[in-house]
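Everything below concerns the one structure shown next.
In the numbering used here, the protein residues as written are 10 to 224.
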């Protein structure tokens, strides 16, 4: 089959549906960033994506459902990136620590305008707030999984949850600051924050010998 024939061959139904959903999500992502969540209607998303309004409603019940799909897509890309997956599968303590440090630093915040817009909307929209709760839960679960690799065998779940919550609290604050003042956050600011987190992670490792192995 030639390249031209392949391009003209209709996609299977599932692939076609996925491609259509991706078009809608990408169009909505751009419009939400440019005009805001409230100022973007389904008609605009339809025009930008090339997908009929009726078809959009068959795929997404409302704009919040589009946001949920957008967030799920971004989370999956972040949580299943190669560094963390490899660290978890091989038990590489050093790689887990590097991932945690990068997680806290939030140096590459994609779609910062989208994040700011959705954060503001979450304060007045229960459905968007529920999406943020889902984000928080999934990030916490992944952090606990990573910390369990580092922690001594006798460390209980409550301690892991506490350290995971500490990391989440710091990283959410850093991300908000990066969104509000992009380019004005010096990595040197993170030194005492990371030292605090490192101390908590070291404590999870147990005695000094185990701590040295974790480092």
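We put the CB at the ideal spot given by N, CA and C, even for glycine.
Predicted, not measured: the structure shown is a model, and the values here were computed from it.
Outcome for residue i when other beta-carbon atoms lying within 10 angstroms are tallied against a minimum of 16
{"i": "residue 133", "result": "exposed"}
{"i": "residue 150", "result": "exposed"}
{"i": "residue 98", "result": "exposed"}
{"i": "residue 198", "result": "exposed"}
{"i": "residue 130", "result": "buried"}
{"i": "residue 217", "result": "Only weak support exists for where residue 217 lies, its pLDDT of 49 falling under 50; the coordinates are left without a value."}
{"i": "residue 205", "result": "exposed"}
CB contact flag (residue i, residue j, <8 Å)
{"i": "residue 93", "j": "residue 173", "result": "no"}
{"i": "residue 104", "j": "residue 203", "result": "no"}
{"i": "residue 31", "j": "residue 113", "result": "no"}
{"i": "residue 123", "j": "residue 73", "result": "no"}
{"i": "residue 29", "j": "residue 64", "result": "yes"}
{"i": "residue 176", "j": "residue 152", "result": "yes"}
{"i": "residue 170", "j": "residue 106", "result": "no"}
Simplified DSSP state of residue i, which is helix, strand or coil
{"i": "residue 19", "result": "Low confidence applies here, because residue 19 scores a pLDDT of 48, under 50, leaving its location unreliable; read the following figure in that light. Three-state result, residue 19: coil."}
{"i": "residue 111", "result": "helix"}
{"i": "residue 69", "result": "coil"}
{"i": "residue 46", "result": "coil"}
{"i": "residue 182", "result": "helix"}
{"i": "residue 217", "result": "Per-residue confidence for residue 217 stands at a pLDDT of 49, beneath the threshold of 50, marking its modelled position as unreliable; the derived number appears in the next sentence. DSSP places residue 217 in helix when its eight states are reduced to three."}
{"i": "residue 60", "result": "coil"}
{"i": "residue 157", "result": "helix"}
{"i": "residue 165", "result": "coil"}
{"i": "residue 27", "result": "helix"}
{"i": "residue 11", "result": "The predicted position of residue 11 is uncertain, since its pLDDT is 40 and thus under 50; a value taken from the coordinates is nonetheless stated next. Coil, per DSSP."}
Separation of residue j from residue i, as counted between CA atoms
{"i": "residue 161", "j": "residue 142", "result": "29 Å"}
{"i": "residue 8", "j": "residue 54", "result": "The structure shown does not extend to residue 8, since the chain is modelled only from 10 through 224, so no value can be given for it."}
{"i": "residue 84", "j": "residue 127", "result": "15 Å"}
{"i": "residue 145", "j": "residue 135", "result": "15 Å"}
{"i": "residue 50", "j": "residue 23", "result": "26 Å"}
{"i": "residue 186", "j": "residue 178", "result": "13 Å"}
Any non-hydrogen atom of the ligand GDP within 7 Å of residue i CB
{"i": "residue 186", "result": "In the structure on display, the ligand GDP does not appear, and there are no ligands present to speak of."}
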